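Peer 1:
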Amino acid sequence: MRKNKELVVCSLGLFKNQCTLEVLARIKTCDIVFSDIRGDEILRFLEKISARVKVISGNCKLEKTAQKVVSAFKEFDKICYFTYGNPMFLDATTICLKKEALKAGIKTTVLNAISSFDAIISLLELTEFSDSGIRVVNTISCNKSIVFTPEMDTLFFMIGILNLKGNEKYKKNFIKKLMAVYPKTAEFFIVDVKSVVRDNDTLIKVNVCDLAKSFKLFNERTTLFLPAIGVKNKSER
Ligand SMILES: C[S@@+](CC[C@H](N)C(=O)[O-])C[C@H]1O[C@@H](n2cnc3c(N)ncnc32)[C@H](O)[C@@H]1O
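If you're matching positions, the sequence shown starts at 49 in my numbering and goes up one per residue.
(1) Indicate, with yes or no, if ligand 1 has a heavy atom lying under 7 angstroms from the CB of residue 222.
(2) How is residue 230 classed by DSSP in three states: helix, strand or coil?
(3) Using only the alpha-carbon positions, how far apart do residue 267 and residue 208 sit?
(4) How many Å lie between residue 190 and residue 212 at the Cα?
(5) If you draw a straight line from the C-alpha of residue 94 to the C-alpha of residue 161, how long is it?
(6) Is the beta carbon of residue 118 closer than 8 angstroms to that of residue 286?
(7) Starting from residue 125, follow the alpha helix (DSSP H) in both directions and report where the run begins and ends.
(8) If you run the structure through DSSP and keep just helix, strand and coil, what is residue 203?
(9) What would DSSP say about residue 92, mapped onto helix, strand or coil?
(10) List in chain order: all unbroken alpha helix (DSSP H) runs of 4+ residues lying wholly within the stretch 60–108.
(11) Using 8 angstroms as the cut-off, can you tell me whether the stretch 133–142 makes contact with the stretch 96–115, which would need three or more C-beta pairs spanning the two stretches below that distance?
(12) At a cut-off of 7 angstroms, is residue 134 close to ligand 1 when judged by its beta-carbon and the heavy atoms of the ligand?
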């Protein structure tokens, strides 16, 4: 490992006021900050802490982003990659960055930050889970073989990808399989917690029979919560 070089992957949390003192202090020690968060507010925030800030284009592929960041070690010793949520929670960019840095003999430090998972747990008051526990699903990785476990509380992350062009058959399959195992009257929740792009929490309760119609409400930040059936709903917990 090259002792004088370090990649620091850290985050805002979900919005500016959640940025930790640890993160602020570490950014100040870095020569440059790359960020994948777009918007003037965050850019201005970062520019107050660091003299050099570069926003990465949303269209840039993961591998290209990682190569771009690591190639900047030719010029700089300490580089910060600033992102959203917990950099280790369902974040392929962090893994890609770590791999690329390792290839170049550079160590990566990842700092903890508030995740959408934390905020969802608070918003849904999930202080206790169903008897079979809680299941956290990455919708992307199980697209082809989606499995439902109605006996467990379940959070479907990345559900918004089912609305993307090319994923129509996975969306159809998701709706069909879910409706086969949950009663029509069962309820699920569409969750979009307060974040850098919205000032309030959104929690929409929908009946399973209205699942197909509700897809138009899903975006890239939507998480779906399906409470275990046969146990009390959140409002009755
Ligand atoms: C690529 S993952 C990144 C998660 C991020 N590392 C974190 O800790 O929140 C994106 C997924 O996280 C969830 N997510 C992100 N922001 C959210 C929000 N504001 N409200 C609810 N879920 C959110 C959604 O399921 C979304 O599809």
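Just so you know, even glycine gets a beta-carbon here, dropped at the ideal spot from N, CA and C.
Keep in mind the model is a prediction, meaning the values are calculated, not measured.
Peer 2: In terms of the structure at hand:
(1) Here residue 222 refers to the residue found at position 174 of the sequence shown. Flag unset: Cβ of residue 222 not near ligand 1.
(2) Locating residue 230 in the sequence shown gives position 182, counting from the first residue. Reduced to three states, the DSSP call for residue 230 is coil.
(3) On the sequence shown, residue 267 is found 219 positions in, with the first residue counted as 1. On the sequence shown, residue 208 is found 160 positions in, with the first residue counted as 1. Their Cα atoms are separated by approximately 5 angstroms.
(4) If you number the sequence shown from 1, residue 190 lands on position 142. If you number the sequence shown from 1, residue 212 lands on position 164. Taking the straight line from one Cα to the other gives about 16 angstroms.
(5) Stepping through the sequence shown from its first residue, residue 94 is reached at position 46. Stepping through the sequence shown from its first residue, residue 161 is reached at position 113. Approximately 16 angstroms between the Cα atoms of the pair.
(6) This structure gives no information on residue 286, because the portion of the chain shown stretches from 49 to 285.
(7) Reading the sequence shown from its first residue, position 77 is the one you call residue 125. Boundaries for residue 125: no alpha helix (DSSP H) harbours it, and the DSSP string shows neither H nor E there.
(8) Reading the sequence shown from its first residue, position 155 is the one you call residue 203. Strand, per DSSP.
(9) Locating residue 92 in the sequence shown gives position 44, where the first residue counts as 1. Residue 92: helix per DSSP, three-state reduction.
(10) Correct list: 69–77 and 88–97.
(11) Output reads yes: the stretch 96–115 touches the stretch 133–142.
(12) Numbered from its first residue, the sequence shown carries residue 134 at position 86. Of the heavy atoms belonging to ligand 1, at least one sits nearer than 7 angstroms to the Cβ of residue 134.
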